Amino acid sequence: MAMNLSSGTSGRGRRGRGGRAPMAEINVTPLVDVMLVLLIIFMVTAPLLVAGVPIELPDSRAKALSPDPDQLTLSIDASGKVFLDDQPLAPGELADRLSRCASAAKPPLITLRADRGLDYGRVMAVMGELNAAGCNSVSLVTNSSSQAP
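Here the sequence shown is numbered in the working numbering, starting from 22 and rising by one per residue.
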């Protein structure tokens, strides 16, 4: 809190009729409050931004893997449409996109997110394309649950 200590007996001092000079101090408390609220919002929403394709994952008791910065996320939604990261792929485009990725010195880790309502054959067809393209390091993504079968 700032105080105006003026010299003089009348209380007005040299400032004239107003009696107060403008404060030159910045109150940073509201700024800190806003920044803390934004930090909390980002901390809560950041884990939700990992996967952009809405998929109902099956439950499993498997332990979580550490995320790899070079991994590619392959998603299959309930209708069977395939997405590479967040981009939808045409029916024959998956093999072409994966062959470019697998031609690197070290093929990237592929995380496969498939909807629980999908036919097992559809998931195996996509995994077969991954294998044919040379991407043999595939992780299946599930929800962690202690009550999984």
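Cβ atoms here follow ideal geometry from the backbone N, Cα and C, with glycine treated the same way.
Computed from a predicted model, the values in this text were never measured in an experiment.
Checklist entry - How many angstroms separate the CA atom of V53 from the CA atom of L59? => result 10 Å
Checklist entry - What number of angstroms, rounded off, separates the C-alpha of A12 from the C-alpha of L57? => result Given that the chain is displayed from residue 22 to residue 170, the structure contains no residue 12 and the question cannot be resolved.
Next on the checklist: My assumption, with CB atoms under 8 Å, is that R121 sits in contact with L105. Please give the rounded CB distance.
Outcome noted: About 11 Å separates the two Cβ atoms, so there is no contact after all.
Item to check | G101 beta carbon less than 8 Å from that of L151 | outcome: no
Checklist entry - If we ignore side chains and look at the alpha-carbon of each, how far apart do V103 and P109 end up? => result 6 Å
Item to check | C-alpha gap between V55 and K127, whole angstroms | outcome: 44 Å
Next on the checklist: Can you tell me where the alpha helix (DSSP H) holding A67 begins and where it ends?
Outcome noted: From DSSP, A67 is part of no alpha helix (DSSP H); its letter is neither H nor E.
Checklist entry - F104 bridges to which residues according to DSSP? => result S96, P109
Item to check | 7 Å Cβ shell around V19 - same chain, five flanking residues per side excluded | outcome: In the structure displayed, the chain extends from 22 to 170; residue 19 sits before or after that span and is not available.
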